[in-house]
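I have placed the structure first, in the form of structure tokens, so that the comments after it can refer back to it.
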Amino acid sequence: MIFETVAKILGEYKDVDPSTITADATFASLELDSLDTVEIVMSLEDAFGIEIDMEQPLQTVEDLVKLIEAKKA
Amino acid sequence: MKILSTGSAVPERIVVNQELSEFLDTSDQWIRERTGIEQRRIHEGNLEILAARAAQNALEAGGVSADQLDLILCSNVHSRYLTPSMSSVVQGLIGASCPCLDINGACAGFVYALEIAAAHVHSGRYRRVLVLCAEEPTRMVDWHDRSTCVLFGDAAAAAVVIPDGEMPLFKMGTVSNGQAIYAYHGPGNCPYEKSDRRETPLVMKGQEVYKFAVQSSQEDIQYLCRQAGIGLEQVDFFLLHQANARIVEAVRSHLRQPPEKFPSNIRLYGNTSSAGLPLLLDEVNRQGKLQPGAVLVLSAFGAGLTTGACLMKW
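Now the structure itself:
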């Protein structure tokens, strides 16, 4: 469920079909730079009602999903 | 409070992105895509000369002579002086004789100085206050660090503040965070120093600062409009600290306002710390875009972390 929401938000941001986004995709492969990542994190904070600090390195979609799972747990 | 006039001065030396790629592992495309910056101005001499030019420029525009000033407030983070203050050095250069005070509100310094000036003129204590921002962040960065040095430029800009008109609304804030953006002085040769402190050029956690800036700026703008009882659509111009074109664009997009209401000149000057906002204000003013009664919202954010926002009628 978390992955689907992350994929949806990424899809909206990149204007691509969310079903094409895989968990192992890196932000670099999605052509997202460090500031794009912050924008996506901010959207996810709103969507999940959590706060994510930017201390931990985020490389892949799965990194983000795991981080949100940990915050929601 | 009213801003009677504005002025600015930028260094003659233009440094385009391409020039930086000659000694840094970077490129024009990389810098433009991440920051919107195409070039910056870097002064080759002493900052006080640039500051005095900006001050004189604002005084001339307002028809005010230096000896009529009641106070000079200067926002400055770095100059060759640790002491005396930049404002007192500039006072001598322009021929004023009033009290002088420097403040360090980092990149939000213009709004902090404007709030102090507004309180002074509103109270009746002073009638003409020169708010000056003079900054040389190019002397604080490590020129081998491509993640910071490409972002900055030098500038000075000023505004003459007088008592006429309504008191603007201000929203000032500080969230103490000494690690998000910092630079350290060296300890000198004090024989009693026990810490391992040493001079450290500017360190900035880009993602953390970006997030703080985008969130705080949009919240401050919305707060001020609510306090004023107006909608965002009733604001003529939103003038944001010119740190990064993508911060301005993110705030604009979150607030769903048209691009023409967010003037920007970061393309030409880079981030000039607190000088950036009055530099932009002076540009928009000299372009004749500010009609009497126009509603402006200023919003700035910087090391501290500080924030300052102001809703005012021109």
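The listed protein sequences derive, respectively, from chains A and B. Residues are numbered in my numbering as their position in the first sequence, beginning at 1, plus a constant of 146. Residues are numbered in my numbering as their position in the second sequence, beginning at 1, plus a constant of 2. Using N, Cα and C, we set each Cβ at its ideal position, and we do this for glycine too. Here the structure is a predicted model, which is why all the values come from computation and not from measurement.
Where do the ends of the alpha helix (DSSP H) carrying residue i lie?
i, result
"B:C227", "208–230"
"B:V250", "247–257"
"A:D182", "180–194"
"B:S89", "88–96"
"B:D284", "278–288"
With distances taken Cα to Cα, identify the nearest neighbour of residue i among the options.
i, options, result
"B:R42", "B:V297, B:T140, B:W145", "B:T140"
"B:V143", "B:A185, B:V131, B:I118", "B:A185"
"B:K213", "B:L234, B:P189, B:A182, B:T150", "B:A182"
"B:C100", "B:V91, B:A108, B:S301", "B:V91"
"B:I96", "B:N59, B:G188, B:R199, B:T176", "B:N59"
"A:D182", "A:L204, A:K217, A:V211, A:A216", "A:L204"
"B:A136", "B:R288, B:Q236, B:S77, B:S7", "B:S77"
"B:Q229", "B:V152, B:V299, B:A247, B:R288", "B:V299"
"B:G278", "B:R36, B:A56, B:V17", "B:A56"
"B:Y271", "B:L6, B:D104, B:N19, B:S7", "B:N19"
"B:N48", "B:E62, B:G111, B:D156", "B:D156"
"B:V66", "B:V162, B:S81, B:E50, B:L103", "B:V162"
"B:E50", "B:E117, B:A160, B:A302, B:D30", "B:A160"
Specify the secondary structure class of residue i as computed by DSSP and reduced to three states.
i, result
"B:Q31", "helix"
"B:M314", "strand"
"B:C192", "coil"
"A:K154", "helix"
"B:L298", "strand"
"B:S67", "coil"
"B:R43", "strand"
"B:I16", "strand"
"A:Y159", "helix"
"B:G111", "helix"
"B:I51", "helix"
"B:C151", "helix"
"A:I148", "helix"
"A:D209", "helix"
"B:P101", "coil"
"B:I268", "helix"
"B:T274", "coil"
"B:T308", "strand"
"B:V123", "helix"
"B:T202", "strand"
"B:L242", "strand"
Applying a beta-carbon distance threshold of less than 7 Å, which residues of chain B neighbour residue i?
i, result
"A:V276", "This structure cannot speak to residue 276 of chain A, because chain A is shown only from 147 to 219."
"A:S180", "G208, Q209"
"A:M147", "The contacting residues do not exist; A:M147 stays about 25 Å from chain B at best."
Considering just the uninterrupted stretch of the beta strand (DSSP E) at residue i, what are its terminal residues?
i, result
"A:F173", "Where A:F173 is concerned, there is no enclosing beta strand (DSSP E), given that its DSSP letter is neither H nor E."
"B:S178", "171–179"
"B:V162", "157–164"
"B:K4", "4–11"
"B:A185", "183–186"
"B:G136", "Here residue 136 of chain B is Ala; the residue named in the question, Gly, does not match the sequence. Here the beta strand (DSSP E) through B:A136 covers 131–137."
"B:L234", "Counting along the chain, B:L234 falls outside any beta strand (DSSP E), and DSSP gives it neither H nor E."
"B:I74", "73–77"
For a contact meaning CB atoms closer than 9 Å, what does residue i contact in chain A?
i, result
"B:V216", "V184, E185, M188"
"B:R258", "Those within 9 Å of B:R258 in chain A number zero; the least Cβ separation is about 15 Å."
"B:A252", "L181, V184, E185, M188"
"B:R36", "D179, S180, L181"
Once the 5 residues before and after residue i are set aside, which same chain residues still bring their CB inside 7 Å of it?
i, result
"B:R148", "L26, D27, T28"
"A:E208", "A169, D170"
"B:V253", "V216, S219, Q220, L242"
"B:H122", "L73, Y128, V131"
"B:P265", "F239, L241, L282, V286"
"B:K173", "D222, Y225, L226, A311"
"B:M169", "M3, A120, H124"
"B:L257", "Q220, I223, L234"
"B:E195", "P189"
Could you pull out every residue in the same chain whose Cβ sits closer than 8 Å to the Cβ of residue i, ignoring the five residues on either side in sequence?
i, result
"A:I214", "I148, V152, L190, F194, I196, I198"
"B:K291", "F239, P265"
"B:G175", "S218, D222, T308, T309, G310"
"A:V187", "I198, M200, L204, L210"
Which bits of chain A does residue i rub up against, with CB to CB less than 7 Å?
i, result
"B:A305", "Neighbours of B:A305 on chain A: none; closest Cβ ~16 Å, over 7 Å."
Tell me which residues share the same chain as residue i and place their Cβ nearer than 6 Å to its Cβ, disregarding the 5 neighbours each side in the sequence.
i, result
"B:N179", "L307"
"B:G304", "A108, C109, A110"
Quick one: which chain A residues come within Cβ less than 8 Å of residue i?
i, result
"B:R248", "L181"
"B:R269", "The contacting residues do not exist; B:R269 stays about 17 Å from chain A at best."
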